[in-house]
Amino acid sequence: MKKWTAMAALALGASLGTSTVMAANEEQAEMAAGLIQMAASMNEIAIECKHLSAAEVGEAKTQQKLAAVRDMQLSAEQYDKMYFAAQADFKKQWSAMPAANKKQTCDQMKSIPKSPQFN
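Number 48 in numbering that gives the first Met the number 0 belongs to position 49 of the sequence shown; there are no gaps in the numbering.
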């Protein structure tokens with residue numbers, strides 16, 4: 000679906016001019032940044048809440064990175080830069096979060112079933 004969307008945006012851009020392609024590329028970049036932000040946050044929450052081990056999160060992160068490089072046309076370096084920025088942002092927010100909110104977040108995380116690969 001994502002590849003189709005990118006191809007459709009390029010075809011539309013060819014017929015409407017380069018500004019449409021630029022807008023589509025910006026939209027894709029925003030979507031990629033949002034997905035990477037979510038992945039980094041979920042990974043860090045899983046570690047903080049002891050839902051997954053650091054090794055399990057590392058394995059998941061590797062799979063996420065491979066998918067992002069393949070499906071979002073990002074380089075590994077671009078992914079790493081975006082991921083590490085999102086990770087740092089999460090850690091800053093987490094450290095400022097009250098203990099009660101952390102507990103609530105962890106309780107919600109623990110209600111999410113682990114992927115079968117981690118059971």
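Each residue gets a CB set at the ideal place from its N, CA and C atoms; glycine is no exception.
With a threshold of 16 other beta carbon atoms within 10 Å, M81 meets it and is buried.
Nearest Cα to K90 within the set N42, G57, H50 and A54: N42.
Beyond the five residues adjoining it in sequence on each side, M71 comes within less than 6 Å, by CB distance, of A31 in the same chain, given in chain order. Pairing A85 with A53 gives a Cβ-Cβ distance that is not under 7 Å.
Counting C-beta pairs with one atom in each stretch, the region 55-72 and the region 102-109 have fewer than three that are closer than 8 Å, which means they do not touch.
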